[in-house]
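Notes follow the structure.
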Amino acid sequence: MHKLTQKEVFKGLNPENIDFYLLNTVDSTNTYAKEKLLTKDYIVVISEQQTAGRGRQGKEWYSPNTGNIYMSIKFRDKNPAPLSLIIGLLISEAIDSVSGQKVNAGLKWPNDLLINKKKICGILIESDINADKVECIVGIGINYSLPKKESWWGEIGELADILPREKLINGILRGIISYAENGYENWKDAWEKRCMHMGIELKAVSNNQKDAEIGIFNGINEEGKMLLQTATKLKIISSGECSIKGIY
Ligand code: BTN
């Protein structure tokens with residue numbers, strides 16, 4: 094496995110406005126970024142492995158040292174769009190631009206990325222208030238190779254040749270920085286185009302797993318909330334996740 098180097102990962106990015114940490118091991122890149130003071134515009138933390146990687150809803154994120162991506166970016170987001178959906182979209186776009194192919198990694202609400210119906214990327218967004226300003230910590234995990242597999246876990250696998258880790262990280266960082274600085278005008282249309290379950294029946298499950306609602310996915314609103322056509326009405330769902338028959 095080729096180890097990440099600052100030179101490759103950071104190529105073309107401005108060190109004057111980014112504090113950069115490239116680590117061998119850490120408990121969680123999100124926790125590490127959270128604890129660092131934001132003195133420049135961005136803090137970027139990347140590690141070859143995590144000993145306590147965290148997923149959404151308090152789950153563990155399996156983070157072995159096998160050439161996957163574990164990274165966090167901390168910054169003040171001044172855009173009005175929902176960051177959690179935007180980040181998935183930016184990563185799906187970065188996969189296409191870096192590989193030079195229309196991989197079209199599918200977006201699954203709110204922010205999973207799937208290739209061949211398997212989850213290859215997870216996103217965990219946290220926020221902190223510091224000196225009255227909201228700071229976001231965007232955590233991204235992308236699987237290249239996983240020794241221990243759950244049925245729904247996927248990996249970049251065959252695409253690794255056209256998607257070298259360092260280039261993908263660089264592409265994602267460029268995308269996020271450009272978004273933070275310029276926004277994304279038609280993000281909702283772009284998100285829906287890459288969504289893999291438009292017009293499909295799914296089950297929306299609440300964060301505590303207690304409530305579930307079945308309906309046809311009718312896209313999202315300007316706040317990134319799910320529009321779900323149930324048997325009786327159009328429901329707006331703001332949190333939780335969804336499961337689709339035959340996928341997960
Ligand atoms: C999910 O449950 O889908 C979200 C997974 C997020 C994992 C990434 S890996 C880098 C960053 N550090 C963490 O501890 N978690 C996120």
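Take 94 as the starting number for the sequence shown in my numbering and just add one per residue.
Every residue gets a Cβ at the ideal spot worked out from N, C-alpha and C, and that includes glycine.
C-alpha gap between residue i and residue j, whole angstroms
{"i": "residue 255", "j": "residue 225", "result": "43 Å"}
{"i": "residue 135", "j": "residue 232", "result": "13 Å"}
{"i": "residue 239", "j": "residue 326", "result": "41 Å"}
{"i": "residue 273", "j": "residue 173", "result": "11 Å"}
{"i": "residue 186", "j": "residue 332", "result": "24 Å"}
{"i": "residue 307", "j": "residue 113", "result": "44 Å"}
{"i": "residue 142", "j": "residue 237", "result": "13 Å"}
{"i": "residue 340", "j": "residue 154", "result": "19 Å"}
{"i": "residue 130", "j": "residue 222", "result": "12 Å"}
{"i": "residue 264", "j": "residue 252", "result": "15 Å"}
{"i": "residue 190", "j": "residue 296", "result": "32 Å"}
{"i": "residue 117", "j": "residue 289", "result": "35 Å"}
{"i": "residue 192", "j": "residue 206", "result": "16 Å"}
Residue i, DSSP secondary structure in three states
{"i": "residue 149", "result": "helix"}
{"i": "residue 116", "result": "strand"}
{"i": "residue 341", "result": "coil"}
{"i": "residue 272", "result": "helix"}
{"i": "residue 324", "result": "coil"}
{"i": "residue 158", "result": "coil"}
{"i": "residue 333", "result": "coil"}
{"i": "residue 255", "result": "coil"}
{"i": "residue 111", "result": "strand"}
{"i": "residue 249", "result": "coil"}
{"i": "residue 311", "result": "strand"}
Delimiting residues of the beta strand (DSSP E) encompassing residue i
{"i": "residue 297", "result": "294-298"}
{"i": "residue 196", "result": "Residue 196 -> no beta strand (DSSP E), and no H or E assigned at all."}
{"i": "residue 226", "result": "226-235"}
{"i": "residue 302", "result": "Run containing residue 302: none; DSSP gives neither H nor E here."}
{"i": "residue 135", "result": "135-143"}
Unbroken alpha helix (DSSP H) run spanning residue i, endpoints
{"i": "residue 286", "result": "280-287"}
{"i": "residue 123", "result": "122-128"}
{"i": "residue 101", "result": "99-102"}
message: Quick check on the DSSP output: what are the complete alpha helix (DSSP H) runs of length 4 or more inside the stretch 161-224, in order along the chain?
response: Qualifying alpha helix (DSSP H) stretches, in chain order: 176-192.
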